[in-house]
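Numbering-wise (the numbering used here), the sequence shown opens with residue 1 and increments by one.
Ideal Cβ positions, reconstructed from N, Cα and C, are used throughout, including at glycine.
Data first, discussion second: the structure below is written as structure tokens.
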Amino acid sequence: MRIGEIAHQAGVSTRALRYYEEQGLLTSERTPSGQRTYPESAVERVRLIQQFFTAGLPSRTILQLLPCVDTGHASPKAFELLASERNRITAAMADLAAARDALDRMIDIANHPTPEHCPALREPAWAPYNPADATRTAPGPTEALVASATLITM
1 MRIGEIAHQA GVSTRALRYY EEQGLLTSER TPSGQRTYPE SAVERVRLIQ QFFTAGLPSR
61 TILQLLPCVD TGHASPKAFE LLASERNRIT AAMADLAAAR DALDRMIDIA NHPTPEHCPA
121 LREPAWAPYN PADATRTAPG PTEALVASAT LITM
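Here you go:
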């Protein structure tokens, strides 16, 4: 089968098939004119490779697991490798959850700005933040009017 036929039947691009070959995940024969040809079984193998990628496995790990697929026998090392990959994915998920939580805090700050987080709200603007200033209440309209009248009369 030619590369386009395999790609169509397996639901991948020809570029993906070339990449799989480059990584050692798939093999092909060459015609005298240099075109790739694959056995019909390549369709099933490509689908399996896609399942491994969907599970989050990198090509180097898939390459280590394919001999187990070919022999029908999973070694203890293969199970260790799969467990290690699962741990890597779990850690990445925890990192993503932490990033999401940090983004949630940023969204909350953006929706409810305070002088602590928004330098433009400080007096004077962009002054260093002083937590003691946060305990003082801002002058109400009457106090502000009296303060400005006092400055005018002075």
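Residues bridged to residue i (per DSSP)
i: T37; result: R2 and E29
Cβ neighbour criterion (16 or more within 10 Å) applied to residue i
i: A91; result: exposed
i: I6; result: buried
i: R36; result: buried
i: I107; result: exposed
i: I89; result: exposed
i: V12; result: buried
i: F52; result: buried
i: R15; result: exposed
i: I3; result: buried
i: I109; result: exposed
i: A147; result: In this prediction, A147 scores a pLDDT of 45, lower than 50, which makes its location untrustworthy; the coordinate-derived value is nonetheless stated afterwards. Per the 10 Å Cβ criterion, exposed.
i: A10; result: buried
i: D95; result: exposed
i: A42; result: buried
i: L103; result: exposed
i: R45; result: buried
Supposed close pair residue i, residue j - CB separation, criterion 8 Å
i: K28; j: Y19; result: Strictly speaking, residue 28 in this sequence is Ser, with Lys absent from that position. Not quite, the Cβ-Cβ distance comes to about 13 Å (not below 8 Å), so this is no contact.
i: W126; j: P115; result: Not a contact, Cβ separation roughly 11 Å.
i: L63; j: L81; result: With 8 Å as the limit, L63 and L81 do not qualify as a contact, their Cβ atoms being about 11 Å apart.
Enumerated in chain order, which unbroken segments of the alpha helix (DSSP H) with a length of 4 residues or greater are wholly contained in the stretch 59-145?
Fully enclosed alpha helix (DSSP H) runs of 4 or longer: 59-71, 76-111 and 131-135.
Quick test of the definition: if touching needs 3 or more C-beta pairs under 8 Å, does the stretch 58-67 touch the stretch 23-35?
Inter-segment contact for the stretch 58-67 and the stretch 23-35 is present: three or more beta-carbon pairs are separated by less than 8 Å.
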